Amino acid sequence: MPRPAAPRAIPVLARKAPAVVHAPLGHPLPAPPAAPAGPRDRLGLTGFVLGAAALGLALGAALLVAALGAEGAVAAVGLAAFGLAGLVALAGAVLACCAVPRLRRREATNGALTYTGLALSGVALLVSMFGTAATAATWAWRASDAAQAGPAVPAPVEEPAADPSQSPAPQESEPAEPAPPAAEAPAPAAPAPAPAGGEPTPPGAVLPVGGTATIDYAPLQDKPAGRIHLRLDSIDTGTPEDLASFDLGDRALGLVPQYVRFTVTGGPGASNLEFSSLIGKLSGTLPDGSEAAELTVYGKFDLCEQQFFPQGFTEGSTFQTCLVMMANPAAPVSGAMFENYDSPYDRYDGQPVHWRK
Numbered sequence: 113m114p115r116p117a118a119p120r121a122i123p124v125l126a127r128k129a130p131a132v133v134h135a136p137l138g139h140p141l142p143a144p145p146a147a148p149a150g151p152r153d154r155l156g157l158t159g160f161v162l163g164a165a166a167l168g169l170a171l172g173a174a175l176l177v178a179a180l181g182a183e184g185a186v187a188a189v190g191l192a193a194f195g196l197a198g199l200v201a202l203a204g205a206v207l208a209c210c211a212v213p214r215l216r217r218r219e220a221t222n223g224a225l226t227y228t229g230l231a232l233s234g235v236a237l238l239v240s241m242f243g244t245a246a247t248a249a250t251w252a253w254r255a256s257d258a259a260q261a262g263p264a265v266p267a268p269v270e271e272p273a274a275d276p277s278q279s280p281a282p283q284e285s286e287p288a289e290p291a292p293p294a295a296e297a298p299a300p301a302a303p304a305p306a307p308a309g310g311e312p313t314p315p316g317a318v319l320p321v322g323g324t325a326t327i328d329y330a331p332l333q334d335k336p337a338g339r340i341h342l343r344l345d346s347i348d349t350g351t352p353e354d355l356a357s358f359d360l361g362d363r364a365l366g367l368v369p370q371y372v373r374f375t376v377t378g379g380p381g382a383s384n385l386e387f388s389s390l391i392g393k394l395s396g397t398l399p400d401g402s403e404a405a406e407l408t409v410y411g412k413f414d415l416c417e418q419q420f421f422p423q424g425f426t427e428g429s430t431f432q433t434c435l436v437m438m439a440n441p442a443a444p445v446s447g448a449m450f451e452n453y454d455s456p457y458d459r460y461d462g463q464p465v466h467w468r469k
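The sequence shown begins at 113 in my numbering and counts up one residue at a time.
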């Protein structure tokens, strides 16, 4: 019997089946190895660091300006800090934005850090812009308010120059400098009420040079008041050469500087006044009772410096402040005045306190 033919072999292309790994029951599969951090991760990290640094710098500048006031060197430092914070925030935002496409392509893995850096940069940029605008506006407002008397420097020359012929007696009593010692005699007695917390000096009071006024002073309407004892120490006459470095030109023609010096002592509640000032509240007066022109000095002037209430000012604390007034030698500064808006010492709705020789 013939042998049946062997079946013909059919070639089959074998495909390699994917390997399947079976883990024992209760044992999870091992996690795949994490992709190593690459340069794209560093881009997001740098954006985060810059955003955090910018926000810290902007908040620090805001606290500085809020605590010390937007005036003088403090305002300049604050504006510089806000500007630097804005630039750093902008750089951080740009780097973070550049890292976002890498995250979407899964070329970087630090998504949370990158997006946090972008948010920090945005907040820092907003704080910097707002802080710059607020500081600049406040500084300009205070500077213009304090310098209102600047353009009027020549003006007082006209009227006081005509007054000497009208009242020669006060002019001749001026050189009699022996009189001030007599006026200064009450000075030791004037501060006596200060430790006892005496009543405030009544509006419209007239004190001698060396006399002390007790005043409940609120520098701002929304701030609590503090009691101060304000003493006019002296009125000293300088020379035109004292102001040679200021290059005043014709604005000071015929005028001499006079230095009106005060001592300020804290009373009850004086801690409410630290970092505030008496700018615009004190002024020198002429023999006819009008205000003399004040020279506002920005920067250091050793002969006469106007000071702020210092940090830590409290009851019993003392500091000296000085005004630079400009007057014609024929009608020199002969007194001083304290006024405060929206208070019993308001010149319009009340009466200022005066000191006179």
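All C-beta atoms in this analysis are idealised placements derived from N, C-alpha and C, irrespective of residue type, glycine included. All figures in this text were calculated on a predicted structure; none of them were measured in a lab.
Unbroken beta strand (DSSP E) run spanning residue i, endpoints
{"i": "Q370", "result": "368 to 378"}
{"i": "A364", "result": "Element bounds for A364: n/a, residue is neither H nor E."}
{"i": "P422", "result": "Per DSSP, P422 belongs to no beta strand (DSSP E) and is neither H nor E."}
{"i": "L385", "result": "Run containing L385: none; DSSP gives neither H nor E here."}
{"i": "V436", "result": "430 to 439"}
{"i": "V318", "result": "318 to 320"}
Beta-carbon gap between residue i and residue j smaller than 8 Å
{"i": "G229", "j": "G310", "result": "no"}
{"i": "F450", "j": "A325", "result": "yes"}
{"i": "L394", "j": "A443", "result": "no"}
{"i": "E417", "j": "G378", "result": "no"}
{"i": "Y371", "j": "G350", "result": "yes"}
{"i": "A178", "j": "V239", "result": "no"}
{"i": "A173", "j": "A193", "result": "yes"}
{"i": "T247", "j": "G190", "result": "yes"}
{"i": "A498", "j": "G204", "result": "Nothing can be reported for residue 498, as the shown portion of the chain is limited to 113 through 469."}
{"i": "D414", "j": "R373", "result": "no"}
{"i": "L332", "j": "W467", "result": "no"}
{"i": "V445", "j": "A382", "result": "no"}
{"i": "F387", "j": "L180", "result": "yes"}
{"i": "L344", "j": "A448", "result": "yes"}
{"i": "S357", "j": "V321", "result": "no"}
{"i": "L342", "j": "N440", "result": "no"}
{"i": "V186", "j": "L175", "result": "no"}
Counterpart residues of residue i in DSSP-defined beta bridges
{"i": "E403", "result": "T397"}
{"i": "V161", "result": "Paired residue(s): none; V161 is not in a bridge."}
{"i": "M449", "result": "S395, H466"}
{"i": "D348", "result": "Y371"}
{"i": "Y329", "result": "G338"}
{"i": "T324", "result": "R343"}
Top-ranked residue by Cα proximity to residue i, from the options
{"i": "A410", "options": "F160, Q419, T226, A404", "result": "Checking the sequence, you will find Tyr at residue 410 rather than Ala. When only C-alpha atoms are compared, the closest one is Q419."}
{"i": "P369", "options": "L385, G396, A224", "result": "G396"}
{"i": "R154", "options": "A211, T250, A187, V206", "result": "A211"}
{"i": "L365", "options": "L180, E353, R373, S402", "result": "E353"}
{"i": "L199", "options": "V321, T244, S346", "result": "T244"}
{"i": "L225", "options": "R218, A208, A236, S240", "result": "A208"}
{"i": "D359", "options": "P456, L237, L407", "result": "L407"}
{"i": "L355", "options": "V235, T430, L215, K412", "result": "K412"}
{"i": "I327", "options": "S357, P456, G447, G223", "result": "P456"}
{"i": "T375", "options": "S429, G401, G234", "result": "S429"}
{"i": "N384", "options": "Q423, G392, D400", "result": "Q423"}
{"i": "I391", "options": "Y453, P380, L367", "result": "Y453"}
{"i": "G156", "options": "L202, Y227, D362", "result": "Y227"}
{"i": "L237", "options": "L176, L367, A201, S402", "result": "A201"}
{"i": "G195", "options": "M241, R459, R363, I340", "result": "M241"}
{"i": "V235", "options": "L215, G223, G168", "result": "G168"}
{"i": "D400", "options": "G361, S389, K469, F431", "result": "K469"}
Report yes or no: do three or more beta-carbon pairs, one from the region 435 to 442 and one from the region 335 to 342, lie closer than 8 Å?
no
Is there contact here, the region 457 to 465 with the region 311 to 324, by at least three beta-carbon pairs under 8 Å?
yes
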